[in-house]
Amino acid sequence: MTNTLYIGDPAYSSWSLRGWLLFERFGLERQTVWVDFANRDVAAQLAAIAPARTVPAVVTDEGAVLGESLAIAEELASRFPEAGIWPEAPKARALARALACEMHAGFGALRSACPMALRVAYDGFVPSEEVLADLARLDLIWAHARETLGVEGPWLCGDYSAADAFYAPVAARIATYGLPVSEASAAYVAAHLADPAFRRWRGMGFARGEDLPWYAKDLPKREWPGAAPLAAEAVADGPSVNEACPYSGKPVTHFMQAGGKVWGFCNAFCRDKTVPDPLAWPKFAALYEAH
């Protein structure tokens, strides 16, 4: 048996991204159940695992239901201490937990005004004073963590931790809406955009789900500020460099050539359970650019 992770639309579900990264970034096995956002009936789709009513949610091997991201992070850290979900050093671990808790409870103006939308990047967004205050707070706490711990790498508390997983959707918002942050914060955002796990999640946003109008902004669009997709094309067969589909973890059934390599996929990650038109494959190739 293994933990079962329930997550929503990868293009829009910021909390699902956090939950998914806690498994993906730390190499933890899971089964994945996708929840559709199109009909706004998430709680109904989770009725079988009540009292969970939002995503992400985790059902453990023993049947315990975890419906909060912080609870998921703490329980996974307890069950898999060797995974490094929280920093090992006490000071770094304390700061990482404080950062994750503040994200979990705060930044309401930023989250409300700038919903995560990973298929687009907007031009001309004007942040309110409340959003600017949230951004200033991010600059402060991100800099505080790195300066206090003497961190030289890209992440907040040394090695990648749950704190970084919790701020990945914030980085996505800053990128999507072109929000003003300090030079150090911009470098932190760029680290997320280049992270292979984040790129895989964004790739899934193109592979499944549909554009939902209640997330859209009436603004001009610009190029995504992260790395550009590779040229790619569907091919008849392998062998592929990966045995399991990077989206579903299931055996590969279809193949794509990109970046001089052949990658394998299955169709389970598609919302309509069909293989996408080959013309859409370059969108999936975006996640492999860093490999």
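Residue numbers (this note's numbering): 13 to 303. Every residue gets a Cβ at the ideal spot worked out from N, C-alpha and C, and that includes glycine.
Residue burial classification, residue i (beta-carbon count within 10 angstroms, cutoff 16)
i, result
"Y18", "buried"
"G253", "The question names Gly, yet the displayed sequence has Val at residue 253. V253 comes out exposed."
"L152", "exposed"
"C113", "exposed"
"A60", "exposed"
"A184", "buried"
"E41", "exposed"
"E159", "exposed"
"E245", "exposed"
"A248", "exposed"
"R109", "buried"
"S25", "buried"
"P181", "buried"
Straight-line Cα distance separating residue j from residue i
i, j, result
"A95", "V138", "40 Å"
"L29", "W213", "7 Å"
"V274", "T14", "30 Å"
"H156", "L88", "26 Å"
"C282", "D176", "Summary for C282: the model assigns pLDDT 47, below 50, so the residue's position carries little reliability, and this model does not support an answer."
"R149", "F119", "9 Å"
"G276", "W32", "21 Å"
"P192", "I186", "8 Å"
"E6", "D73", "Past the edges of the chain, shown from 13 to 303, lies residue 6, and the structure says nothing about it."
"V264", "R211", "19 Å"
"L231", "A145", "22 Å"
"P93", "A83", "15 Å"
"A228", "L122", "15 Å"
"W52", "F38", "One detail in the question is off: residue 52 reads as Arg in this sequence, not Trp. In a straight line, the C-alpha of R52 is about 30 Å away from that of F38."
"A56", "R65", "8 Å"
"V47", "V70", "13 Å"
"L130", "P22", "8 Å"
"C257", "G20", "19 Å"
The beta strand (DSSP E) enclosing residue i, as first and last residue numbers
i, result
"Y18", "16 to 19"
"V274", "273 to 277"
"V247", "244 to 247"
"M268", "266 to 270"
N- and C-terminal bounds of the alpha helix (DSSP H) containing residue i
i, result
"E159", "141 to 161"
"T188", "174 to 189"
"V201", "195 to 206"
"W46", "Element bounds for W46: not the alpha helix (DSSP H) but the beta strand (DSSP E), 43 to 46."
"E36", "26 to 36"
Cβ of residue i within 7 Å of any chain D Cβ
i, result
"V193", "Protein chain content of the structure displayed is limited to a single chain, and chain D is not contained in it."
Next item on the list: Enumerate, from N- to C-terminal direction, the unbroken beta strand (DSSP E) stretches of 3 or more residues contained entirely within the region 62 to 110.
Entry: Segments of the beta strand (DSSP E) lying fully in the region 62 to 110: 69 to 71.
Check: Quick one: any contact between the region 194 to 204 and the region 214 to 226, if contact means 3 or more CB pairs under 8 Å?
Finding: no
Item checked: Touching by the beta-carbon criterion (3+ pairs, under 8 Å), the region 99 to 114 and the region 161 to 178 -> yes
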